[in-house]
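Q: Provided herewith is a single structure, encoded as structure tokens, for subsequent inquiry.
There are 2 protein chains.
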Amino acid sequence: MSEPSEPIAFSDPAYRAAVVDLMGVIAYGELSAFERLVDDAKLSPRLTDKLALDSMATAQFGHVQPLMDRITQLGSDPVDAMAPFVEPFDAFHAKTAPSDWLEGLVKAYVGDGLAADFYREIAAFVDAGTRELIMDSLQDAGQADFVVDRVKQAIADDHRVAGRLALWGRRLMGEALSQGQRVAAERDSLAALLAGGTDRPGLDLAAMTRMFSRLTENHTQRMAELGLAS
Amino acid sequence: MSEPSEPIAFSDPAYRAAVVDLMGVIAYGELSAFERLVDDAKLSPRLTDKLALDSMATAQFGHVQPLMDRITQLGSDPVDAMAPFVEPFDAFHAKTAPSDWLEGLVKAYVGDGLAADFYREIAAFVDAGTRELIMDSLQDAGQADFVVDRVKQAIADDHRVAGRLALWGRRLMGEALSQGQRVAAERDSLAALLAGGTDRPGLDLAAMTRMFSRLTENHTQRMAELGLAS
């Protein structure tokens, strides 16, 4: 089979730069999530729980290479493409280091879900090939059920846990939005991607607001699945 | 295809217990090596180096599940089978936490190599199916060249590094032997496996001594590949 020809959108250097940025942010996001999950897995009360979190982590790591390959294909260096996002993600993780196993679980579930929602929203504005790669990189290996089960069980065992974890979920959302805004402010290319171009549809302010509403609603929904108020 | 019938050796409960122990020790060894490598990868000076160590780590994690599946097949619980080895491995890693990136690299190379050699020696005393599984779980993903390259480069940049890392390699070997002896002393089944049985060849004291010579020689060889005295 011959390589499919590159979509016309890539003839616009700004679009190409935006896609490279997008692959870079997702790749580094997955890499840093992998590292933190392996860290958090050490808080597991049982070896089976640790194995479950480590499996979630390695599944995320598996998404990094295809994203890096795509960046190379687009003529950029994958490490350079990830570099601008190292600090915001590291800052997010430093500010949201779980103090126990349950906080780690909630972070894995809520943080991952939020990131995935955001990338899915952005995926609406890119070419089909890029969109497919993004969607593939957001597949989880079905371990989400495990998190829901463990958190609900912990709340059933001790109701006070729910209040503490609900606060924790709000803090995660706040830190994620704060770092997300920082990235958007610093990376013009990503902001331009959302704003659209001559031949590409974009978001006006009202649409942007609706997008943030959807992200918030989905977050509320995920917290509810864990048995937590948001 | 039908399941191959179980080798006759497994009709001996002591042999079955020894194989479960062996799968357990290798599985937990790979799991703990995975965790520590991801930790050590954080010391990487460059994102590419971190990615290389994280890849080594996830390759090791990929070996855990097949070993656990085999334990289940043999009628035991994988988590129970790993449990006796948690403490010795954790103690080894606690006593050999690298203080920098280069120590982490040497530990990954030398520690992994030593463990692999030891399991290969033991593999000579088990049935073909078990042996094959052990051998599969010891495959590295070819990242060893990366370690050799980085360590040699560091020594070329600053010769004093070689003395420090040579000492570090000796300490790793010492701690590994000390924890290994502890495991052998506590797990009769593994010692019995090496000693052989009615229908199984084993090691006498002279053969055991030769085995330790081989392990030491290979260690020396690996240190030399890194450009280090042992």
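Protein chains in written order, with the working numbering: chain A, 211 to 440; chain B, 211 to 440. Just so it is clear, CB atoms sit at the ideal spot from N, CA and C, and this is done for glycine as well. Note that this is a predicted model, so its numbers are computed, not measured.
1) Is aspartate 359 of chain B close to chain A? Criterion is C-beta to C-beta, closer than 8 Å.
2) Under 8 Å Cβ-Cβ, which residues of chain A neighbour lysine 252 of chain B?
3) Would you say alanine 306 of chain A reaches chain B, if we count a Cβ-Cβ gap shorter than 8 Å as a contact?
4) How many whole angstroms separate the CB atoms of phenylalanine 295 of chain B and glycine 234 of chain B, which I take to be in contact at a CB cut-off of 8 Å?
5) Run through DSSP, which three-state label would glycine 390 of chain B get?
6) Around the C-beta of phenylalanine 335 of chain A, are 16 or more other C-beta atoms found within 10 angstroms, so that it is buried, or is it exposed?
7) Tell me whether methionine 211 of chain B sits in a helix, a strand or coil according to DSSP, three-state version.
8) Verify whether the separation of the beta carbon atoms of aspartate 231 of chain B and arginine 397 of chain B is less than 8 Å.
9) Excluding the 5 residues preceding and the 5 following asparagine 428 of chain A in the sequence, name in chain order all residues of the same chain whose CB lies nearer than 8 Å to its CB.
10) Excluding the five sequence neighbours on either side, which residues of its own chain have a C-beta within less than 8 Å of the C-beta of serine 212 of chain A, listed in chain order?
11) Rounded to a whole number of angstroms, what is the C-alpha to C-alpha distance between alanine 395 of chain B and leucine 284 of chain B?
12) Does the structure place the segment 409-428 of chain B close enough to the segment 339-346 of chain B that three or more beta carbon pairs sit under 8 Å?
13) Closest Cβ-Cβ distance between aspartate 465 of chain A and chain B: below 8 Å?
14) When Cβ atoms are compared, which residues of the segment 267-287 of chain B fall closer than 9 Å to chain A?
15) Are leucine 312 of chain A and leucine 375 of chain A close, meaning C-beta to C-beta below 8 Å?
16) Quick one: complete beta strand (DSSP E) runs, 3+ long, within the segment 356-391 of chain B?
17) Measure the C-alpha to C-alpha separation of arginine 226 of chain A and alanine 219 of chain A and round it to an integer number of angstroms.
18) Taking all protein chains shown into account, do 16 or more other C-beta atoms lie within 10 angstroms of the C-beta of alanine 364 of chain A, making it buried, or fewer, making it exposed?
19) In chain order, what residues of the same chain lie with their CB nearer than 6 Å to the CB of alanine 291 of chain B, ignoring the 5 residues before and after it?
20) Any beta-carbon of chain B closer than 8 Å to the one on threonine 419 of chain A?
21) According to DSSP, is glycine 407 of chain A helix, strand or coil?
22) Which residues in chain B sit within 9 Å of methionine 292 of chain A, going by Cβ to Cβ distance?
23) Check whether chain A comes within 8 Å of valine 316 of chain B, counting only Cβ atoms and requiring the distance to be less than that.
24) Give me, in chain order, the residues of the same chain whose beta-carbon lies closer than 8 Å to that of glutamate 331 of chain B; leave out the 5 immediate sequence neighbours on both sides.
25) Measuring CB to CB, does leucine 253 of chain A end up less than 8 Å from alanine 318 of chain A?
26) Checking contacts by CB at 8 Å: is histidine 303 of chain B closer than that to chain A?
27) I need the straight-line Cα distance from alanine 366 of chain B to leucine 315 of chain B, nearest angstrom please.
28) List the endpoints of the continuous alpha helix (DSSP H) containing glutamate 427 of chain A.
29) Check this for me: beta carbons of alanine 251 of chain A and lysine 260 of chain A, under 8 Å apart or not?
30) The alpha helix (DSSP H) spanning glutamine 270 of chain B covers which residue range?
31) Tell me the DSSP secondary structure of glutamate 240 of chain B in three-state form.
32) Does the Cβ-Cβ distance between valine 274 of chain B and alanine 237 of chain B come in under 8 Å?
33) Mind checking if valine 209 of chain A is an interface residue toward chain B, Cβ cutoff 8 Å exclusive?
34) Determine whether the Cβ of valine 289 of chain B lies closer than 8 Å to any Cβ atom of chain A.
A: This is what the structure holds:
1) no
2) Glu245
3) The question names alanine, yet the displayed sequence has threonine at residue 306 of chain A. No, threonine 306 of chain A does not count as interfacial toward chain B.
4) 6 Å
5) helix
6) buried
7) Residue placement at methionine 211 of chain B cannot be trusted, given a pLDDT of 44 that sits under 50; what the coordinates show is reported in the next sentence. Of the three classes helix, strand and coil, the one that applies to methionine 211 of chain B here is coil, per DSSP.
8) yes
9) Gly323, Leu324 and Asp327
10) Caution is warranted here: a pLDDT of 44 is assigned to serine 212 of chain A, below 50, making its placement in the model unreliable, and no coordinate value can be reported.
11) 24 Å
12) no
13) What the structure shows of chain A is the stretch from 211 to 440, and residue 465 of chain A is not part of that stretch, so it cannot be assessed.
14) Ala267, Thr268, Phe271, Gly272, Val274, Gln275 and Met278
15) yes
16) none
17) 8 Å
18) buried
19) Val230, Gly234 and Ile281
20) no
21) strand
22) Leu257
23) no
24) Met421, Arg424 and Leu425
25) no
26) no
27) 16 Å
28) 415-435
29) yes
30) 257-283
31) helix
32) yes
33) Here chain A covers residues 211 to 440 and nothing more, so residue 209 of chain A does not appear.
34) yes
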